[in-house]
Amino acid sequence: DGYRNTNLYQGGRAGNQVSDDYRYQDGNYEGYAPNDGYYRGGDEPAHEEDAQSDVTEGHDEDDEVYEGEYQGIPHPDDIKEKQKQRAPAVDDEYRDRADLMAERMEDEEQLAHQYENIIEECGHGRFQWTLFFVLGLALMADGVEVFVVGFVLPSAEKDMCLSSSNKGMLGLIVYLGMMVGAVMLGGLADKLGRKQCLIISLAINAAFAFLSSFVQGYGFFLFCRLISGLGIGGSLPIVFAYFSEFLSREKRGEHLSWLCMFWMIGGIFASAMAWSIIPHYGWGFSMGTKYHFHSWRVFVLVCSLPCIASLVALKFMPESPRFLLEIGKHDEAWMILKQVHDTNMRAKGEPERVFTVSYIKTPKQVDEFIEIQSSTGTWYQRWLVRITTTFKQVWDNVLYCLTAQYRMNTLMLAVVWFTMALSYYGLIVWFPDMIRYFQEEAYESRVKIFDEEEVSHFTFNFTLENQIHRNGEYRNDKFIGMKFKEVRFEDSLFEDCYFEDVTSSETFFENCTIISTVFYNTDLYEHKFINCRLINSTFMKEKEGCHLDFEEDNDFLIYLVSFLGSLSVLPGNIISALLMDKIGRIKMIGGSMLISAVCCFFLFFGNSESAMIGWQCLFCGASIAAWNALDVITAELYPTDKRATAFGILNGLCKFGAILGNSIFSSFVGITKVVPILLASSALVGGGLLALRLPETRDQVLM
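Right under this line is the structure:
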């Protein structure tokens, strides 16, 4: 029994040579492909065929190959024969680039199906859920970043003496940074790796968000928020590309939708922290008269915590094996996939399950990286070449998304992303502004008017609020340690009066005559006296800098509105996650956008604060399903080596739509509701109908 008939043995080997897709690819046996990186000698030593045993070959008595078992050392004659078959092949450097690209595309097609089978073998378990929460924190940081500036703006405008134009720039600068970061870091993620670029993205955001809480000047604060937005803007494309490459086809739509829920959690976190921190003006400290660390700065500091937590946790997660296979790092990818498999199997109580994959197809490597050797160039020359080459490759990826194969899909997705962002972000800003407008109208309706009052030898040491004093006369009066809030003095006379330690907000003197009056340690600056005559009056020791004058009574309502708006997307998140793989991405996008457009028309009936809050919650809940489906289809529609680049381009266009939406919609507050409502609804209808023409990706593997 120890010796087998030679012909029968060879026939058995040939009959079983195609039994396992994981071990045989294009005629190569296991790890012995010509460019797999393993050592291969020139001449093989002679061996006796009869010296090989059944145990080595993994055969039973019927010459059947055991599934998943070691198949033995290939026979030297087989290796030589395969080398002869490959000998006439032309070296890659003499081949046309089109031929190389065609071969690479064929390899990618084979890899896509094989990788899908491998991910299914690895299962869905502890590893994916761990990565889910790590990447969820990064997505949560993105949601927080969108809300931070809006919450701190009312406090920061007084703390840093911001004009109306400065406030507008501060509100838009984060979106500008996100737009640049999405395109730049998304493109780099396809060249440097998902994990590495996500770490860079989160590190930039955490560092500059932390720094922005301490800087005092408006210019430095604006710069820090710009770079912070640039960092977090790159995280969104990378997160979805990264997580999708660990999911099988059956799980991808559902679990990417669950991941989107962390953006909602970020909004809830920001609203809750603003509500609990910012109104407490005393939560801070001062160093002299120049440096002030108020409560809104504490809020900015706290909002960087999700980003820092994700950054730390990401250090313990591996690179995407799908990305590693694209760049030819077979062994590293195999080790990570084995780690995923073993982690999930141990969690399921099946540690004995063996990872049966021994060889994975790697695509033909076409890109060449130009390098300067250390002996022929300086360090900055080498880095310059690295940087320019990398950005050239990123630019080539950007152009690839507009080639004939992907041009139509890219243009349609771009329109859908843009129309969705224009209407959503525009209305998200418009809702709070309209609520503030209704509050201001109600506040102005309660104004108290005093005509021709005469007050002399009286001491004012209390707060005057929401009052108009006309044609009054004030003689030998003292205004000490008091506050003016929304007070106007018109055509009034102040003679021999004394103002000391006075703080004012929206307070003005118009057409007044002020005679022999002293102003000591007040913030009644020159611009607050409009067409006034100042005769023998003195200003001494004016208050320096800007001050938080009063806690706004409507702060609670504004935070509550944002909190409810974020919480209202929870039902939409759950529904989209459960139905994403059942009804498909296209129907989800189209249906959600059309329902959101209908919700916009009901805004014509929003004539009160409560009505606007209700319609805002309904609109946010209806539109979130479209956002989730857009994230999923964008991740699935492009190949691995272009996925983050395409996602970054489209997300950057989305942020551009957000900038336009914020600018356009806010300009109509208090003027008309017709233009914002019609613009938002028409954009949603057009984008929703166009989305129905996109290809469905529910049943396709990740290319």
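In UniProt numbering, the protein residues as written are 1 to 703.
Yeah, the Cβ is synthetic: ideal placement off N, Cα and C, and Gly gets one too.
For the beta strand (DSSP E) that Tyr474 lies in, which residues bound it at each end? Along the sequence shown, one-based indexing puts residue 474 at 474. 473-475 is the extent of the beta strand (DSSP E) around Tyr474.
So, helix, strand or coil for Arg693, using DSSP? Mapped onto the sequence shown, residue 693 falls at position 693. The answer is coil: DSSP assigns Arg693 none of H, G, I, E or B.
Extent of the continuous beta strand (DSSP E) run through Leu324: For the purposes of this step, residue 324 is taken as the residue at position 324 of the sequence shown. It is not in any beta strand (DSSP E) - Leu324 instead sits in the alpha helix (DSSP H) that spans 321-326.
By DSSP, does Met540 sit in helix, in strand, or in coil? The residue labelled residue 540 in the question sits at position 540 within the sequence shown. Strand at Met540.
With a threshold of 8 Å on Cβ separation, who are the neighbours of Lys485 within its own chain once the five nearest residues in sequence on each side are excluded? As a first step, residue 485 is located in the sequence shown; it is residue number 485 there, counting from the start. Contacts found: Thr463, Leu464, Glu465, Asn466, Ser504, Ser505, Glu506, Thr507, Asp549, Phe550.
Anyone know if the C-beta pair for Leu630 and Met408 falls short of 8 Å? For this step, residue 630 is matched to residue 630 along the sequence shown. For this step, residue 408 is matched to residue 408 along the sequence shown. No. Outside cutoff.
Secondary structure at Gln128, three-state DSSP: helix, strand or coil? As a working mapping, residue 128 is identified with position 128 in the sequence shown. It is helical.
Nonlocal neighbours in the same chain, by C-beta distance under 6 Å from Ile336, ignoring five residues either side: Taking the first residue of the sequence shown as position 1, residue 336 is located at position 336. If we look at Ile336 and ignore the five residues flanking it on each side, its Cβ neighbours are Pro318, Pro321.
Ignore the nearest five residues each way along the sequence and tell me which others in Ala209's own chain have a CB closer than 6 Å to its CB. Residue 209 sits at position 209 when you count from the first residue of the sequence shown. Ser228, Ser304.
Endpoints, alpha helix (DSSP H) assigned at Glu254: As a first step, residue 254 is located in the sequence shown; it is residue number 254 there, counting from the start. Start and end: 249-277.
Quick one: measure Cβ to Cβ for Lys478 and Thr459, integer angstroms, because I've assumed they're closer than 8 Å. As a first step, residue 478 must be located in the sequence shown, where it is residue number 478. As a first step, residue 459 must be located in the sequence shown, where it is residue number 459. Sure, about 4 Å apart at Cβ, within 8 Å.
The region 428-437 / the region 603-614 touching (three or more Cβ pairs under 8 Å): yes
DSSP beta-bridge partners of Leu493: Position 493 of the sequence shown holds residue 493. For Leu493, which the question treats as bridged, DSSP gives the partners Glu473, Thr513.
Other residues of its chain near Gly266: CB distance less than 6 Å, five sequence neighbours each side excluded: Looking up residue 266 in the sequence shown gives position 266. Around Gly266: Met140, Gly143, Val144.
Delimiting residues of the beta strand (DSSP E) encompassing Phe450: Reading the sequence shown from its first residue, position 450 is the one you call residue 450. Phe450 -> beta strand (DSSP E) spans 448-451.
Is DSSP giving Lys361 helix, strand or coil here? In the sequence shown, counting from the first residue as 1, residue 361 sits at position 361. DSSP places Lys361 in coil when its eight states are reduced to three.
In the structure shown, what three-state DSSP assignment does Cys122 receive? For the purposes of this step, residue 122 is identified with residue 122 of the sequence shown, where counting begins at 1. DSSP places Cys122 in helix when its eight states are reduced to three.
Below 8 Å on the Cβ atoms is my guess for Lys655 versus Ala182; work out the distance and round it to an integer in Å. Residue numbering aside, residue 655 sits at position 655 when the sequence shown is read from its first letter. Residue numbering aside, residue 182 sits at position 182 when the sequence shown is read from its first letter. With 8 Å as the limit, Lys655 and Ala182 qualify as a contact, their Cβ atoms being about 7 Å apart.
How would you label Tyr425, buried or exposed, when you count the other beta carbons within 10 angstroms and need 16 or more for buried? As a first step, residue 425 is located in the sequence shown; it is residue number 425 there, counting from the start. Burial call: buried.
Do Lys642 and Cys401 have their CB atoms nearer than 8 Å? Locating residue 642 in the sequence shown gives position 642, counting from the first residue. Locating residue 401 in the sequence shown gives position 401, counting from the first residue. Yes, the Cβ-Cβ distance between Lys642 and Cys401 is below 8 Å.
Label Gln700 either buried or exposed according to how many other C-beta atoms from any shown protein chain fall within 10 Å of its C-beta, with 16 as the threshold for buried. As a position in the sequence shown, residue 700 is number 700, starting the count at 1. The residue in question, Gln700, is exposed, as its Cβ has fewer than 16 Cβ neighbours within 10 Å.
Burial state of Val675 (16 or more Cβ within 10 Å): On the sequence shown, residue 675 is found 675 positions in, with the first residue counted as 1. With fewer than 16 Cβ atoms within 10 Å of its Cβ, Val675 is classed as exposed.
Where does the unbroken beta strand (DSSP E) through Leu603 begin, and where does it stop? By one-based count along the sequence shown, residue 603 stands at place 603. That residue, Leu603, is in no beta strand (DSSP E); it is neither H nor E in DSSP.
Anyone know if the C-beta pair for Ser423 and Leu702 falls short of 8 Å? The residue given as residue 423 occupies position 423 in the sequence shown. The residue given as residue 702 occupies position 702 in the sequence shown. For Ser423 and Leu702, no; Cβs fall outside 8 Å.
Could you please give the first and the last residue of the uninterrupted beta strand (DSSP E) stretch that includes Ser623? Indexing the sequence shown from 1 puts residue 623 at position 623. No beta strand (DSSP E) holds Ser623; the alpha helix (DSSP H) holding it covers 609-637.
Selected residue, minimal CA-CA separation from Leu324, among Thr378, Gln393, Arg194, Trp395: In the sequence shown, residue 324 corresponds to position 324, counting from 1. The candidate whose alpha carbon is nearest that of Leu324 is Arg194.
Give the C-beta separation of Thr538 and Phe563 to the nearest angstrom, bearing in mind that I take them to be a contact with Cβ-Cβ under 8 Å. Counting from one through the sequence shown, the residue named residue 538 turns up at place 538. Counting from one through the sequence shown, the residue named residue 563 turns up at place 563. Not quite, the Cβ-Cβ distance comes to about 49 Å (not below 8 Å), so this is no contact.
Excluding the 5 residues preceding and the 5 following Glu510 in the sequence, name in chain order all residues of the same chain whose CB lies nearer than 6 Å to its CB. Here residue 510 corresponds to residue number 510 of the sequence shown, with the count starting at 1. Once the five neighbours on either side are set aside, the close Cβ partners of Glu510 are Glu490, Ile530.
Looking at Leu692 and Val415, is the spacing between their C-beta atoms short of 8 Å? To locate residue 415, count along the sequence shown from 1; it is residue 415. To locate residue 692, count along the sequence shown from 1; it is residue 692. No, the Cβ-Cβ distance between Val415 and Leu692 is not below 8 Å.
Rounded to a whole number of angstroms, what is the C-alpha to C-alpha distance between Gly125 and Ala644? On the sequence shown, residue 125 is found 125 positions in, with the first residue counted as 1. On the sequence shown, residue 644 is found 644 positions in, with the first residue counted as 1. Using only the alpha carbons, I get a separation of about 25 Å.
Less than 8 Å separating the beta-carbons of Leu524 and Phe499? Taking the sequence shown and counting its residues from 1, one reaches residue 524 at position 524. Taking the sequence shown and counting its residues from 1, one reaches residue 499 at position 499. The answer is yes: Cβ separation under 8 Å.
Where does the unbroken alpha helix (DSSP H) through Lys655 begin, and where does it stop? Numbered from its first residue, the sequence shown carries residue 655 at position 655. Taken as a continuous stretch (DSSP letters only), the alpha helix (DSSP H) holding Lys655 covers 640-666.
Looking at the unbroken alpha helix (DSSP H) that takes in Arg297, where does it start and where does it end? Position 297 of the sequence shown holds residue 297. Unbroken alpha helix (DSSP H) run through Arg297: 295-302.
Around the Cβ of Tyr380, are there at least 16 other Cβ atoms within 10 angstroms (buried) or fewer (exposed)? The sequence position of residue 380 within the sequence shown is 380, counting from 1. Label assigned to Tyr380: exposed.
Hey, how far is the Cα of Phe151 from the Cα of Arg382? Counting from 1 along the sequence shown, the entry for residue 151 is found at position 151. Counting from 1 along the sequence shown, the entry for residue 382 is found at position 382. Distance between the alpha carbons of Phe151 and Arg382: 45 Å.
Answer with buried or exposed for Pro639, where buried requires no fewer than 16 other C-beta atoms within 10 angstroms of its C-beta. Here residue 639 corresponds to residue number 639 of the sequence shown, with the count starting at 1. Buried is the call here.
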